[in-house]
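If you read the sequences in order, they're chains A and B.
So in my numbering, spot 344 of the first sequence is number 607, and the numbers just go up one at a time.
So in my numbering, spot 69 of the second sequence is number 738, and the numbers just go up one at a time.
Some notes on the structure that comes next.
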Amino acid sequence: MKGLTHFTVGAAIATCFPQAIDLSLTHFSAILALGGIFGLLPDTLDFKLAMFIEENDYIIDPATKEFLRDPMDMNSIDPQKVAAKVAQAIDEAWDTGREIRLQLHTVQVAGDLWRHYEVFYDTKENEVVVTIGPVVTMSQMPGEFLGIPYDFKERARAKTKCNILQTQNRSSRIDIFNGPSFGYMKKGEEGVEIIFLPWHRQWSHSPILGIIFGALGWIFLGKIYGLVIGLGFLSHILLDLTGFMGANLFWPIKQRRTTGGQFLKASNPIANFSVIAFSGILALWNLNKFSPQPTFHLHAWPYFGYFFLLPSFLLMATNRILEMKGRVVEIFKRERLGALGRILLLLILGEGWQEKIKEAKEERIAPKRIGKVVLEILRMMMREEKAEVASQVRADEEVAESEEEFAG
Amino acid sequence: MDFLILIPYILLGTLMAGLVSLIPALHIFNLAGFILLYFKFPQLLPGNALPAFMMSLVVSWSIINTIPALFLGAPDESAMFIVLPGQKYMMLGKGYEAAVLSGVGALGAIIVLGIGSPVILKLFPKIRWLLIPHMGWILLLICAYIIMGEWPKATLRPKTKWGRFIDGWKSSAAGILTFILAGLLGIFILNKPFIPIERAFQNIMPAFVGLYAVPWVITNIISKTEIPKQNICTSIDLDYKLAIRGTFAGVLGGSFAALLPIITGGIGGLIAGHATAQRDDRLFIISQGASKTTYYVGGFLLFFVPYFGMYHLRRGGMAWMLSPFYVPRTIGDYFIILATIALSAGFAFFLLLRFSRFVIKVITKFDYRLISLFTVVILFAIVLTITGLRGIFITVVATGIGLIPVLFHSRRMNCMAILLVHMTLSMFGVEPAVLKFFHLI
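Below, the structure is given as structure tokens:
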């Protein structure tokens, strides 16, 4: 999840404690803010500390002599040399059996100009593919700079000794500020696994650390502070576990991340927006409920129904319907289902829902009632998706997730 | 009152605000204050037309003030986040598209405000009353987010851990420094006004101009920016999904800012930007357009909620200025204002397109550095006119602070500390001690 989401969730959790609200109202206490602060802290620790203390076995700085064709011209980067070096690091992980870490540096060619390049792991051919691109601005926009065309592209490949496992389907793009690091870990006799940003979501995302912070808060500030701090921190880990990259649940016993539940991407806008909105609505509910003079009197169900469930449903429905635009009319004309049934199918199954129903009927799972049809199809879809996610998609989303976070 | 009678005033207000929006640093509140102070409005405006006229000023300003931010790099506080993606679009020859995107966001926000008007009527005043006692920790939370949420922009090149740490923290440290200095500037100017007492209500304006507008324009001059040929497109690359997402994120941030006292449009923009959660510039620009409009229009709309009898919700400068002249009494007033918003927004969107084309024509015809230089002159001339030489002094100091994030690539949102620190300290009751420390009391 994004930083703002973690932050609002942490603060909303803090408002669940009537004593905390009372402290903030009567003693000018910052306790409610602490929930938000500790909700964001794991990422702050990573991006403001952990990334600097990482030690790498290989450092690739393409603008140095080792990777240049002409040592006097920093624009003459040889992609072959870069690819070979990355492949060498993977091979070393394979040969030695220990985790090898590699850092890719950016190439700053002038004040606000950077050379773009990409690294891709081809799992089919077991090759490292490096593409040198054009010069880009701070806004990552390519342009005609230093005599290099805006569409410049030079690609090279280097073979590895072993299989490359669980890597992303897309390239890692390197241009402004800093480049990513990778961990290469031998996985039995299968090959070498690629770990994107190996320093991220490790010790900083450990429940043990949350408990330590909570205990310190309890000892030095009081029980309620400890709870707010600890739960704020743990909420971050819990939210991260909904994604792909996961968190290190067993640090310091284990040094590897535990894969997340893969329900959604950290950058998923709907999920982030919904969680932020829900946190705000929950915080308002708590502030009102635990206030000495509540300003509104509503029961929980109508409150959350009107202000969260109904708007969420309307938002998703509008989104889906507008997405389908002209097709909606066409579908409605063609199908014989009742209007409500059609709308429901459209909302739940999305585009191509007729085909899915046909498939379900062919498999003889089509009962008479439309509700059952939907359920069967949903089950079928979930089975399919699970199988897909288990393979390449997981790693791809993992990279996307951390790239979004990495971009702040 | 017959709405038809109001239409000419609404259109006039929209047009006037549109023209004022084109002048960097000149805020719509300046124009409104000028009208209320120096015009004998009963002769020019029928009494009941005044609120509709004022609302049309706000609506139009909130939509069209994107233009100086996008094309001149001279935003007001609420439009500060639009500068970077706007410049990016302009360098691609798509400046006009960026203006349209922000307008789409603004129109989206108007639609949401219209649909949500019963909620605003019934619920917003209550939420506002509920949150006022909690402003202290909410402000602290925002301060914490601004400081904690800025990731270091490190090259990771130094060989030692300590070297990498120092290298990485340069931009973060610059951000924190900006936050501290802007905070101190806020404490000084808000507690000991430097500008003449008769213009004390303009206390913060020269600082805003220095923090947000001047640094970027100076950068444009130094970096010898040349504007490529701009494409005036007839359609834009946008789907409903993006428009809805951007609008809702913007409305979320803008409502937060409109609802709560002290929270400014910039903070609304910050929340909107982070709530979009993606790196799509289109989404970001839409969200900023929506946030800005929700903040200005939504905040002013609260004034028309007939909720607390004589005591009305006065959110923002316009409500404070209008309150001595007008008191909304019935629900009818509220709905007339809603109709005003709809009409004014439609006209303002049309003006946004026309004015954007005009400004594009100007900036591509002349040397952009010359235009930037001219913008700086206008900025300082307006500060001088409104606040005098002391105002210029504040602008210069604020420009020094505002240049830190530009030069060190840290976030410009740290400049928001100018209001946040002062108010947070005040809410926690520690400001007297701070003022005593600085010998300000």
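Where a beta carbon is used, it is the ideal one built from N, C-alpha and C, also for glycine.
Keep in mind the model is a prediction, meaning the values are calculated, not measured.
Contact note: I340/A does not reach chain B at a C-beta cutoff of 8 Å; the least C-beta distance is about 16 Å. The Cβ atoms of G446/A and C425/A do not sit closer than 7 Å to each other. Distance check between I807/B and each of F953/B, K830/B and L929/B places L929/B closest, using alpha-carbon atoms only. The shortest CA-to-CA distance from D306/A to any of C279/A, L288/A, H499/A and L504/A is the one to H499/A. With a minimum length of 3 residues, there is no unbroken run of beta strand (DSSP E) contained wholly in the segment 691-752 of chain B. For T400/A, the secondary structure class from DSSP, reduced to helix, strand or coil, is coil. Taking CB atoms only, G299/A has a neighbour in chain B less than 7 Å away.
Taking a C-beta distance under 7 Å as the contact criterion, T963/B and S924/B qualify as a contact pair. Separation of P794/B and W548/A (C-alpha to C-alpha, rounded to the nearest whole angstrom) is 15 Å. Distance from the CA atom of T394/A to the CA atom of M337/A, rounded to whole angstroms, is 16 Å. Apart from the 5 residues on each side of it in sequence, L800/B sits with its Cβ closer than 8 Å to the Cβ of I807, L928 and L929 in its chain, given in chain order. CA-CA distance, E355/A to W462/A, rounds to 20 Å. Using a Cβ-Cβ distance cut-off of 8 Å, the segment 435-446 of chain A and the segment 490-506 of chain A are not in contact, since fewer than three pairs of beta carbons, one from each stretch, lie closer than that value.
For E766/B, the enclosing alpha helix (DSSP H) starts and ends at G764 to I784. For the segment 357-374 of chain A, the beta-carbon criterion of a distance under 8 Å to any beta-carbon of chain B is satisfied by Q366, H368, T369 and Q371. Linking P884/B to N1083/B through their CA atoms gives a straight-line distance of about 14 Å.
Spanning the alpha carbons of I353/A and Y384/A requires a straight line of approximately 11 Å. Interface with chain A (7 Å Cβ-Cβ cutoff): Y814/B is included. The residue from M874/B, V769/B and F848/B with its alpha-carbon nearest to that of M817/B is F848/B. Taking 7 Å as the cut-off between beta carbons, none of the residues of the segment 481-514 of chain A comes near chain B.
Residue contact check for A823/B against chain A: a CB pair falls below 7 Å. I340/A sits away from N389/A, with the two beta carbons spaced by 7 Å or more. In the assembly as shown, D745/B is a buried residue. Its beta-carbon has 16 or more other beta-carbons within 10 Å.
Excluding its 5 nearest sequence neighbours in each direction, Q756/B has C-beta neighbours in its own chain below 7 Å: G742, listed in chain order.
Contacts with chain A at 7 Å (Cβ-Cβ) do not include P744/B.
Beta-bridge partners of K422/A (DSSP): E390/A. In the DSSP assignment, T521/A forms a beta bridge with A510/A. For D385/A, the uninterrupted beta strand (DSSP E) run begins and ends at L376 to D385, by DSSP. Contact between the segment 1046-1056 of chain B and the segment 685-694 of chain B is present: 3 or more CB-CB pairs across the two stretches fall below 8 Å.
Beta-carbon to beta-carbon, T916/B and V781/B are separated by about 6 Å, close enough to satisfy the 8 Å threshold.
Membership of A1102/B in any beta strand (DSSP E) is not indicated; the residue belongs instead to the alpha helix (DSSP H) covering E1100 to F1106. Unbroken alpha helix (DSSP H) stretches of 4 residues or longer found wholly inside the segment 306-379 of chain A: 342-359, given in chain order.
Annotated as proximal: A767/B and Y758/B, with beta-carbon spacing under 7 Å. Contact with chain B is absent for F541/A, since none of that chain's Cβ atoms lies less than 7 Å from the residue's Cβ.
DSSP places S444/A inside the beta strand (DSSP E), whose first and last residues are S444 to K450. As computed with DSSP, I458/A is found in a beta bridge with G446/A.
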